[in-house]
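This report concerns only the one structure given below.
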Amino acid sequence: MSNTSANILDIKNIEVMYDNVILALHDVSLKVPKGKVVALLGANGAGKSTTLKAVSTMLASERGKVTKGSIDYDGTSIDKQNPSQMVGLGMVQVLEGRRCFGHLTVEENIISGAYSRKLSKGDINQELEKIYTYFIRLKERRKSQAAFTSGGEQQMIAVARAMMAKPKMLLLDEPTMGLAPQLVAEIFNIVKELNQKEGVSILLAEQNTNVALKNSDYGYIIETGRVMLDGTAKSLLSNDQVKELYLGISKKGRKNFRDVLKEESLIKKKIN
Amino acid sequence: MVDELLFFMEVLVGGLLAGTMYSLVALGFVLIFKASATFNFSQGAMVFFSVLAFCGFMQDFNIPFVLAFILAAFLMVVVGLCTERFVLRPLMNASEDTVLMATIGLGYVLEGLAQAAWGVEVRRLDLGIGDFPVPWIADNLKLFISALDITAGVVAAIMIIGLFLLFKYTKIGLGLRAVADDAGAASSIGIPLKHIMLLVWSAAGVVALVAGCMWGARAGVQFALVDLALKALPVLIIGGFSSIPGAIIGGLIIGAVEKVLEVYIGPFFGGAIEGWAPYVLAIFFLLYRPEGLFGEKIIRRV
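Protein chains in written order, with our numbering: chain A, 2 to 273; chain B, 509 to 810.
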């Protein structure tokens, strides 16, 4: 039975706790439509990574737990799954900070992504060639040790490695962290290409609001574990508050949405 | 002069070959350290447990040598399986220190089980290889080198080549190297940690059995094997905890250095310095090269 709903991922009102005491997410709901790119935006500590890890079920290894709400992937609940089962179901997370296997060569890194699939040597080589068409730079460096490649190349290795698992959905955690603008553009071009040509749905956590929204279909903005605003990428890019708070086109010294809400309620009180 | 040189060569070669026996024990530690960044304190107990079971199969049940060895190897895979299921999996998300403590406990369990099943008396293990000089070498090269030492060297070389091929060219070997580099990233791309753990604990068990056979043939199969395995500690400090070549070369260095020191410097201390000389060497390494000769980086110092 295939899932007929239009959303590959459906998160409903989740709450996440670490170590049974630290509340990291209060109430996050979001949807990723099939074949779309959705951006999850927010500052450090807002809960982007936690949301992604809740989806890939990698929370458990950090003693985190979804305590309320539900996460459905491709029509089924994920709460009984573990990370390698999720990979089997076609959901792969690219962790924050690239996390390449430093002592392995570039090619070994990429091949390791196919670990969960039962492929013959010939099939693996065929898949590799396909992957290299997206990551041309990596083909030149295939024999280098991954630890000695540049930050941009390591990010590409991490994405290429995830693609070897043949995912239906990718979770990208800050893929452009610490990269030069040119590389940021290159990474996003590849992401878009993978989305369009391979039909991979993408949920992407970013601090780089501007570039992320320009390359996404839809966006969610979270702060302190709550979704504060969501909308199509276009509408968010032209939203005054987003412009002011996240795109640095600021008028006053406001810091976040909560401050804005406080100010608005003060104004309302005055009017009343 | 020539005699002195020959004598030195004899001491050195004997030391190097004896060192391969340390390498074999150290290899077991390295396998587990690579996959779980934990020093496995039960490795000595695994050596004792496996070789005692091997002797037990042969001597109490009259099972032939080869079959008994296969059974003992299989038993070590079962031990690996149980360790993964009942010790490691429940502690999957626990800190490394917790796992370290668990391995100490596991060691006691294995020691107790072995003695409960096979008794406490010292057993003789006859591999059919004598611990005395090989006549051919003595005649032709004028070096007195034990046949057991030579066997240990050959066996160690075979095991090392086997493990190298396993890690470099098989899928599960690639998985292990990935886990050794970054377990979190490995699990994010669907490499099941429990398979890898099962592999390394089984492999460490079989390596323990082989090391136990060599040591047991020399010193008798007895409880002291547990402590002998601690000799692997200076080997690992010198070679690096996470490096297989390091374990080999560290073992060779310890073997050679302790024999040479014993013979040439030992008399000034009243002899028997080979018991502690390796630890002195280890202290120098900790002071000046704490990651060892081949270590990747210090993850934990024991």
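For every residue, glycine included, the Cβ atom is placed at its ideal position computed from N, Cα and C.
None of the values given here were measured: they were computed from a predicted structure.
For the pair of segments examined, the stretch 101-115 of chain A was found not to touch the stretch 70-85 of chain A: the number of CB pairs separated by less than 8 Å stays below three.
The Cβ-Cβ distance between B:L769 and B:I761 does not fall below 8 Å. Rounded to whole angstroms, the gap between the alpha carbons of B:P753 and B:V714 is 18 Å.
Just measuring C-alpha positions, the residue of B:S695, B:I773, B:M705 and B:V595 sitting nearest A:R100 is B:S695. Among the residues facing chain A, B:P700 is included, as its CB has a counterpart in that chain under 8 Å away. Within chain B, the residues S696 have their CB atoms less than 7 Å from the CB of A:Q94, given in chain order. CA-CA distance, B:S544 to A:E199, rounds to 36 Å. Taking the C-beta atoms as reference points, A:L246 is found no nearer than 8 Å to A:L214.
Apart from the 5 residues on each side of it in sequence, B:V555 sits with its Cβ closer than 6 Å to the Cβ of A716, A719, G720, L733 and A737 in its chain, given in chain order.
The continuous stretches of beta strand (DSSP E) do not include B:H703, which lies in the alpha helix (DSSP H) extending over residues L701 to A727. Interface criterion not met: the Cβ of B:N548 is under 8 Å from no Cβ in chain A. A:Y219 is the residue among A:K81, A:S62, A:Y219 and A:L230 whose C-alpha sits nearest the C-alpha of A:N8. For A:Q82, no alpha helix (DSSP H) encloses it, and the DSSP letter there is neither H nor E.
Taking 9 Å as the cut-off between beta carbons, the residues of the stretch 57-89 of chain A near chain B are S57, M59, A61, S62, E63, R64, N83, P84, S85, Q86, M87, V88 and G89, in sequence order.
In this structure, the beta-carbon distance from B:A764 to B:L524 falls below 8 Å. According to DSSP, A:K140 shares a beta bridge with no other residue.
The Cβ atoms of A:V185 and A:V160 lie no closer than 8 Å to each other. Taking the Cα of A:Q208 as reference, the smallest distance to any Cα among A:L262, A:G48 and A:Y135 is reached at A:G48. With a contact defined as Cβ atoms closer than 8 Å, B:I697 and A:A163 qualify at about 6 Å. A buried status is given to A:I111, since no fewer than 16 other beta-carbon atoms sit within 10 Å of its beta-carbon. Counting only the Cα atoms, B:Q551 lies some 24 Å from B:D690.
The three-state secondary structure of A:D28, taken from DSSP, is strand. At a cut-off of 8 Å, the C-beta of B:G778 has no neighbouring C-beta in chain A.
A distance below 7 Å between beta-carbons, with the five flanking residues on each side excluded, links A:M59 to the following residues of its chain, in chain order: P84 and Q94. At least one C-beta of chain B is nearer than 8 Å to the C-beta of A:F102. Here the alpha carbon of B:F640 sits roughly 11 Å from the alpha carbon of B:A646. CA-to-CA, the gap between B:R631 and B:M566 works out to about 11 Å. At a cut-off of 8 Å between beta carbons, A:G200 makes no contact with chain B. Think of a sphere of 8 Å around the beta carbon of A:I112: the chain B residues whose beta carbon falls inside it are L682, in chain order. Non-local beta-carbon contacts of A:S117 in its own chain, meaning distances under 8 Å to residues more than five positions away in sequence, involve S85, V88, G89 and A166 in chain order.
Apart from sequence neighbours up to five positions away, the residues of its chain that approach B:A665 with a beta-carbon distance below 8 Å are T528, ordered along the chain.
A:A40 sits in a strand when the DSSP states are folded into three classes.
Within the same chain, and ignoring the five residues on either side of B:A622 in sequence, the residues whose Cβ sits closer than 8 Å to its Cβ are A553, F556, F557, L560 and A561. In terms of beta-carbon proximity, B:D690 lines the interface with chain A, with at least one pair separated by less than 8 Å. A:T233 carries a strand assignment under DSSP once its states are collapsed to helix, strand and coil. Within the DSSP bridge table, the entry for A:R227 names A:D28 and A:E224 as partners.
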